[in-house]
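>
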Amino acid sequence: MSGATFDKMTPGPVAATGRRLPDPKQCQRFAEQMLRLALKAGADGAEVLVRDGNELEVKVRLGETELIKEAGSRALGLRVIKQQRAAVTYTSDFSPAGLERFARDSVDLAALAEPDPEGALPAREEMARTVADLDLWDEAVLSIDVAEGLRRARVGEAAALKLDKRVTNSDGAVFGRTVGASAFATSAGFSGAVRGTHVSFAVEPICDDADGKKRNGVYWTASRFASGLADPEAVGLEAARRTLAKLGSRKIPTGAAPIVFSPDAGRSLVGQLAGVMSGGALWRRSTYLAGREGTLVASPLCELLDDPLIPRGPGSRAFDGEGLPSRTNVLVSGGILRTFLCDVYAARKLGRRSTGSAARAVGGGPHVGFSNLILRPGRTPAAELERLDRGLYVTDLMGFGFNGVSGDYSQGAAGFWIEGGERAFPVGEITVSASFDDLWKRVDAVGDDLDTRSSVQCPTFRVSEMMIAGT
Amino acid sequence: MSASGGIPTAPPARVTQPAASPLDGIDAALAERLLSAALGSGGHYADLYFEHRAGADYVLEDGRVRTVGRGVTLGLGVRVLRGDATGYAYTEELAEDRMLAAARTAGQIASSGDAPGPIAVRPVPLADRYPVSEPSFARAGVDKIALLRRADVAARAADPRIVRVEASLAEELREVLVVTSDGHLARDSQPMIRFGVSAVAEEGGERQVGRSGGAGRFGMEIFARPGQSPEEHGREAARLAIGMLHAVEAPAGPMEVVLGAGESGILLHEAVGHGLEADFNRKKTSNYAGQMGQTVASPLCTVVDDGTIKNERGSINVDDEGNVGQRNVLIENGVLVGYMQDRLSARHFGIAPSGNGRRQSFRHEPLPRMTNTFLAPGTDDPEDIIKSVTRGVYAKRFSGGQVNISNGDFVFALTESYLIEDGKLTAPLKGTNLIGNGPEVLRKVTMLGGDFELSQGTWTCGKDGQSVPVGIGTPTMKIAEITVGGTKTR
Chain A
162 MSGATFDKMT PGPVAATGRR LPDPKQCQRF AEQMLRLALK AGADGAEVLV
212 RDGNELEVKV RLGETELIKE AGSRALGLRV IKQQRAAVTY TSDFSPAGLE
262 RFARDSVDLA ALAEPDPEGA LPAREEMART VADLDLWDEA VLSIDVAEGL
312 RRARVGEAAA LKLDKRVTNS DGAVFGRTVG ASAFATSAGF SGAVRGTHVS
362 FAVEPICDDA DGKKRNGVYW TASRFASGLA DPEAVGLEAA RRTLAKLGSR
412 KIPTGAAPIV FSPDAGRSLV GQLAGVMSGG ALWRRSTYLA GREGTLVASP
462 LCELLDDPLI PRGPGSRAFD GEGLPSRTNV LVSGGILRTF LCDVYAARKL
512 GRRSTGSAAR AVGGGPHVGF SNLILRPGRT PAAELERLDR GLYVTDLMGF
562 GFNGVSGDYS QGAAGFWIEG GERAFPVGEI TVSASFDDLW KRVDAVGDDL
612 DTRSSVQCPT FRVSEMMIAG T
Chain B
174 MSASGGIPTA PPARVTQPAA SPLDGIDAAL AERLLSAALG SGGHYADLYF
224 EHRAGADYVL EDGRVRTVGR GVTLGLGVRV LRGDATGYAY TEELAEDRML
274 AAARTAGQIA SSGDAPGPIA VRPVPLADRY PVSEPSFARA GVDKIALLRR
324 ADVAARAADP RIVRVEASLA EELREVLVVT SDGHLARDSQ PMIRFGVSAV
374 AEEGGERQVG RSGGAGRFGM EIFARPGQSP EEHGREAARL AIGMLHAVEA
424 PAGPMEVVLG AGESGILLHE AVGHGLEADF NRKKTSNYAG QMGQTVASPL
474 CTVVDDGTIK NERGSINVDD EGNVGQRNVL IENGVLVGYM QDRLSARHFG
524 IAPSGNGRRQ SFRHEPLPRM TNTFLAPGTD DPEDIIKSVT RGVYAKRFSG
574 GQVNISNGDF VFALTESYLI EDGKLTAPLK GTNLIGNGPE VLRKVTMLGG
624 DFELSQGTWT CGKDGQSVPV GIGTPTMKIA EITVGGTKTR
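Protein sequences appear in the order of chains A and B.
In terms of the numbering used here, the first sequence is residues 162 to 632.
In terms of the numbering used here, the second sequence is residues 174 to 663.
#1: Hey, would you say A:Val268 sits closer than 7 angstroms to A:Val249, going by beta carbons?
#2: Under 8 angstroms: do the region 488-503 of chain B and the region 530-539 of chain B share three or more Cβ pairs, one atom per stretch?
#3: Got a sec? Which residues, its chain only, sit under 8 angstroms from B:Ile335 by beta carbon, not counting five neighbours each side?
#4: Please report the distance separating the alpha-carbon of B:Gly386 from that of B:Ala343.
#5: Are A:Ala349 and A:Leu196 closer than 7 angstroms when you measure CB to CB?
#6: Excluding the 5 residues flanking B:Phe522 on each side, which residues of the same chain have their C-beta closer than 6 angstroms to its C-beta?
#7: Within the continuous alpha helix (DSSP H) that includes B:Thr278, where are the two ends?
#8: Given that a residue counts as buried once 16 or more other Cβ atoms are within 10 Å of its Cβ, and exposed if not, what is A:Ser571?
#9: Which same chain residues end up closer than 8 angstroms to B:Glu626 when comparing Cβ atoms and leaving out the 5 residues on each side of it in sequence?
#10: Using the C-alpha atoms, what's the distance from A:Arg222 back to B:Gly383?
#11: Closer than 8 angstroms, Cβ to Cβ, to anything on chain A: give me those residues from the region 413-429 of chain B, in chain order.
#12: In terms of residues, what are the limits of the alpha helix (DSSP H) holding A:Pro393?
#13: Does at least one heavy atom of the ligand COA sit under 6 angstroms from the Cβ of A:Asp612?
#14: If you scan the region 478-506 of chain B from start to end, which runs of the beta strand (DSSP E) of 3 or more residues do you find wholly inside it?
#15: Short of 8 angstroms in beta carbon distance, which residues of its chain neighbour A:Val458, apart from the five on each side in sequence? Order them along the chain.
#16: Please name the residue or residues paired with B:His406 in a DSSP beta bridge.
#17: Report yes if the C-beta distance between A:Thr592 and A:Gly568 is below 7 angstroms; otherwise report no.
#18: Name the two residues that bound the continuous beta strand (DSSP E) containing B:Cys474.
#19: Between the Cα of A:Gln194 and those of A:Ala258, A:Glu231, A:Leu217, spot the shortest distance and give me the residue it belongs to.
#20: Looking at the C-beta of A:Met628, does it have a partner C-beta in chain B at a distance below 7 angstroms?
#21: Looking at C-alpha atoms only, which residue of B:Arg398, B:Gly446, B:Leu441 is the closest neighbour of B:Asn484?
#22: What did DSSP end up calling A:Leu273 once you bin it into helix, strand or coil?
#23: Give the interface partners of B:Thr468 over in chain A, defined as CB-CB distance under 8 angstroms, in chain order.
#24: I'd like to know whether the C-beta of A:Glu590 is nearer than 7 angstroms to at least one C-beta of chain B.
#25: Given a cut-off of 7 angstroms on the beta-carbon distance, is the pair B:Leu299 and B:Val491 in contact?
#26: Can you confirm whether B:Asp637, when its beta carbon is compared against all beta carbons of chain A, has any partner nearer than 7 angstroms?
#27: Does the region 349-359 of chain B come into contact with the region 198-207 of chain B, if we say contact requires no fewer than three beta-carbon pairs (one atom in each stretch) closer than 8 angstroms?
#28: Pick helix, strand or coil for A:Ile367, following the three-state DSSP scheme.
#29: Compute the distance between the beta-carbons of B:Pro289 and B:Leu221, then report whether it is under 7 angstroms.
#30: Does the beta carbon of B:Ala258 sit closer than 7 angstroms to a beta carbon anywhere in chain A?
#31: Below 8 angstroms on the Cβ atoms is my guess for A:Leu295 versus A:Ser477; work out the distance and round it to an integer in Å.
#32: For A:Val307, which three-state DSSP category applies?
#33: Going residue by residue through the region 579-646 of chain B, where are the continuous alpha helix (DSSP H) segments of at least 4 residues, counting only ones entirely within it?
#34: Name the residue from A:Phe501, A:Ile420, A:Arg488, A:Ala479 whose alpha carbon lies nearest to the alpha carbon of A:Thr456.
#35: For the region 502-552 of chain B, list the beta strand (DSSP E) runs that are entirely contained and at least 3 residues long, ordered along the chain.
#36: Which residues of chain A have a Cβ atom closer than 7 angstroms to the Cβ of B:Val241, listed in chain order?
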């Protein structure tokens, strides 16, 4: 639901009950110790990622507590290189004997891989030298305990249920809190540690529709800071309004029409677009944008950037997954594709330099990833995008209909039919389709309402024409 | 390791079989102490889920094994139920004090109540649904890499327009021990192997990808099964990529659709499977809630969820809350006869659990989940089904699907499909979607083939952020009308 956070890769929730807080210094000690062990075991080079997180999740449904989940989780990921052969391994066993054996086994495992000169660690001069404080830690988050989480969930859900008697059921209200630390150490010449907090709250009411169908809707709030969360009651009310608006949803006739994407729906399209601007996809010849740098790949209204350095940003990071300094990268400006994002490997494969865009999880090696991916807002008030004689406003997209290799795009959609500049009635069970290249080139308006709740951020935007399949 | 001793150790990567499992040290007495602690605040039920998972993966890209990966996770999840409410906690440290702390944390869901009575656990006898003749972890890594190479060579040899091949093999051995406060103790060893090939084809400015793969609770013997050799997957990936080079725009709008045997089981999974999971019906958030005994599909349709199929990807000797895997009929000749139950929902409904309580890992609470879900065969000749269509779409392979439980709308993405014109398959179609409503579409099943197939088995199902492996299957079927999400109007 929320976007990329520090603990996106560490599975699951965790324990406040008498449990230590994740400590970046301790993570860093483990990382550096592991690095020494790996080199001692015979690795020519190694890099270590340690993550430690606590998570709390509480859920209330129809006024009753449904779930209290609390736990702490810690894991270590290692990449070793010996004679140009690489192995990627992970463990949750932090005992001294366990770590030593893990180092030896990882180095042995690398012998199975084949020599890959391009897979070497980054050059020393590429590494980050400082670790910027991006203001990702909020002490106040720690004081939100089980009781307070449950209280917020009760208030939010009750507000939704009270708004209108047509709100007949609920999939509940969920409060979530994660607190995490991570450290990265590499023999290429970098060691750093960071910590972060994240809180989220969502309410999902359900209405009974006339035809026996049920209609569900959701509204949520998320922030790295406790003070950044919307009021639970306001979230509940907005969730109920969104759900009520879907009552009476129907199909519409098949045909072409202009389509307005809400930030909630547009976010997934922005993520898919950035996915085909990955250097990993480029060297794998797995993007329809291969060979298109410097050319128009979207409407001149489109500006797309990846910015890891936003203070308090959901996807912010001080350094990338290989220890290179984070930097802001412009992918598209004036509709022109300016660059593909690269980690060190993709850059070597393509004869370029890394853009500092490596993502790294405990369970896998570095790969090209995004931090805060932003389709820049325009100046048009979002409401004006709906000034159409006829068109579709899309609130939800579903399914797996994007093929980044060929650029074919088709997804299930729901939203509202627009007539005479007004939302005339709710729409469901239709698909929207176009070639992805056409979709982005046909953007004819970009709203001013950037939604910053998640790490993929966009405003409302409009595509002049797509195919709708319905009745 | 001793029952109260320190952190169990992961098997070293070199050792080919987890020789002594860390779970060996968990005895009934320790489990009983932990369950008593979990129920100390008044919960009515508790369970322990110990899990040791070893995984390895091998990837061949552009003819080279770039990296090899391996990992081990170990932990305990403790769940406490009080009424319909769940308390959950877990720990990766299996020292007794850490496990007791997790048990008490999970117990906080209950705030008052009687101390638990004596708990006595005994082993549940289990069938062996996944006999393995050649355990993959016992084989050297080089043998697995050789398989990747064979797939790579076969895909490249298939056509000069294949410009890139990637092949991967992943293996996993999951040892679980489930102990419940009502006395079940079940230990299971769950193997999984997955093989996949993707091939990129280029011609002119056009670029397409094809994928083929197989998976199941097998060892290396999977590669001797029909259609599962590395060469067959390599050639199939190449065939799909090449075939798509000349694909035409898919039509848009409602039309007759024929779904091929096997992979099309995704329709059942999305259109009815999720909607028949008991939690959604207990909460009345599913569009199938309150419809038990009613006609919800064409009388041709009998839908079964079966966790007992030998070596299938979704099969389970025991579910993740200590109940043995079962075969459950969900819809019989169009009539809704059963939901998939976990313990929590079964207690709510006052019936027995159906062996569908599954979880992604020790970090996750169990939920009612599918195992292998399929549509039983009919009697029509598959050829006749295609011949009966004047203009429509024939769909054979899919990349994924999604359903909205509440309103029943579902969508699934086609990666291999063809136009049907005058009863014959003609042009291949570009990637598109089918969208429909579960109960409405199942009422429109008008022909059902006798050619039942299970999918080759690479499916993973996601729900509430948890992924579990599942199987699907179906015979060839005809749907009188469903919306095809293409770009071309008639």
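Positions of the beta carbon are idealized from the N, C-alpha and C atoms, including for glycine.
The short version:
#1: Reading the first sequence from its first residue, position 107 is the one you call residue 268 of chain A. Reading the first sequence from its first residue, position 88 is the one you call residue 249 of chain A. Contact: no.
#2: yes
#3: Stepping through the second sequence from its first residue, residue 335 of chain B is reached at position 162. Excluding positions up to five away in sequence, the list reads Ala328, Arg329, Ala372, Val373, Ala374, Ala411, Ala414, Ile415.
#4: For the purposes of this step, residue 386 of chain B is identified with residue 213 of the second sequence, where counting begins at 1. For the purposes of this step, residue 343 of chain B is identified with residue 170 of the second sequence, where counting begins at 1. The straight-line gap from Cα to Cα measures roughly 11 angstroms.
#5: As a first step, residue 349 of chain A must be located in the first sequence, where it is residue number 188. As a first step, residue 196 of chain A must be located in the first sequence, where it is residue number 35. Going by C-beta atoms, A:Ala349 is not nearer than 7 angstroms to A:Leu196.
#6: Position 349 of the second sequence, counted from the start, is the residue given in the question as residue 522 of chain B. Contacts found: none.
#7: Indexing the second sequence from 1 puts residue 278 of chain B at position 105. 269-280 is the span of the alpha helix (DSSP H), which, as asked, contains B:Thr278.
#8: Counting from one through the first sequence, the residue named residue 571 of chain A turns up at place 410. So A:Ser571 ends up on the buried side.
#9: On the second sequence, residue 626 of chain B is found 453 positions in, with the first residue counted as 1. Excluding sequence neighbours, B:Glu626 sits near Ala434, Gly435, Gly646, Thr647, Pro648.
#10: If you number the second sequence from 1, residue 383 of chain B lands on position 210. If you number the first sequence from 1, residue 222 of chain A lands on position 61. Taking the straight line from one Cα to the other gives about 44 angstroms.
#11: Met417, Ala423, Ala425, Gly426, Pro427
#12: For this step, residue 393 of chain A is matched to residue 232 along the first sequence. Note, A:Pro393: alpha helix (DSSP H), 393-405.
#13: For the ligand COA, the structure offers nothing, since it holds no ligand at all.
#14: 500-505
#15: As a working mapping, residue 458 of chain A is identified with position 297 in the first sequence. Within the same chain, A:Val458 has close Cβ partners Leu450, Val493, Gly496, Ile497, Leu498, Asp598, Trp601, Lys602.
#16: The residue you call residue 406 of chain B lines up with position 233 of the second sequence. For B:His406, which the question treats as bridged, DSSP gives no partner whatsoever.
#17: In the first sequence, residue 592 of chain A corresponds to position 431, counting from 1. In the first sequence, residue 568 of chain A corresponds to position 407, counting from 1. Cβ atoms of A:Thr592 and A:Gly568: not closer than 7 angstroms.
#18: The count along the second sequence starts at 1 and reaches residue 474 of chain B at position 301. Run containing B:Cys474: none; DSSP gives neither H nor E here.
#19: On the first sequence, residue 194 of chain A is found 33 positions in, with the first residue counted as 1. It is A:Ala258.
#20: Within the first sequence, residue 628 of chain A is the residue found at index 467, counting from 1. Output row for A:Met628: interface = yes.
#21: Position 311 of the second sequence, counting from 1, holds the residue named residue 484 of chain B. Closest by alpha carbon: B:Arg398.
#22: As a first step, residue 273 of chain A must be located in the first sequence, where it is residue number 112. Here A:Leu273 sits in coil by DSSP.
#23: Taking the second sequence and counting its residues from 1, one reaches residue 468 of chain B at position 295. Simply none; closest approach about 14 angstroms.
#24: Reading the first sequence from its first residue, position 429 is the one you call residue 590 of chain A. Yes, because at least one Cβ of chain B sits closer than 7 angstroms to the Cβ of A:Glu590.
#25: Numbered from its first residue, the second sequence carries residue 299 of chain B at position 126. Numbered from its first residue, the second sequence carries residue 491 of chain B at position 318. Yes. Within cutoff.
#26: Position 464 of the second sequence, counted from the first residue, corresponds to residue 637 of chain B. No, its Cβ sits nowhere closer than 7 angstroms to a Cβ of chain A.
#27: yes
#28: To locate residue 367 of chain A, count along the first sequence from 1; it is residue 206. Strand, per DSSP.
#29: Here residue 289 of chain B is taken as the residue at index 116 of the second sequence, counted from 1. Here residue 221 of chain B is taken as the residue at index 48 of the second sequence, counted from 1. Not closer than 7 angstroms, so no.
#30: Within the second sequence, the letter at position 85 stands for residue 258 of chain B. Yes - at least one Cβ of chain A is within 7 angstroms of the one on B:Ala258.
#31: The residue labelled residue 295 of chain A in the question sits at position 134 within the first sequence. The residue labelled residue 477 of chain A in the question sits at position 316 within the first sequence. About 5 angstroms; that satisfies the 8 angstroms criterion.
#32: By 1-based counting over the first sequence, the position of residue 307 of chain A is 146. Three-state result, A:Val307: helix.
#33: 611-616
#34: Translated into the one-based positions of the first sequence, residue 456 of chain A becomes position 295. For A:Thr456, the nearest C-alpha among the options comes from A:Phe501.
#35: 545-548
#36: The residue labelled residue 241 of chain B in the question sits at position 68 within the second sequence. Ala248, Leu270, Leu273, Ala274, listed in chain order.
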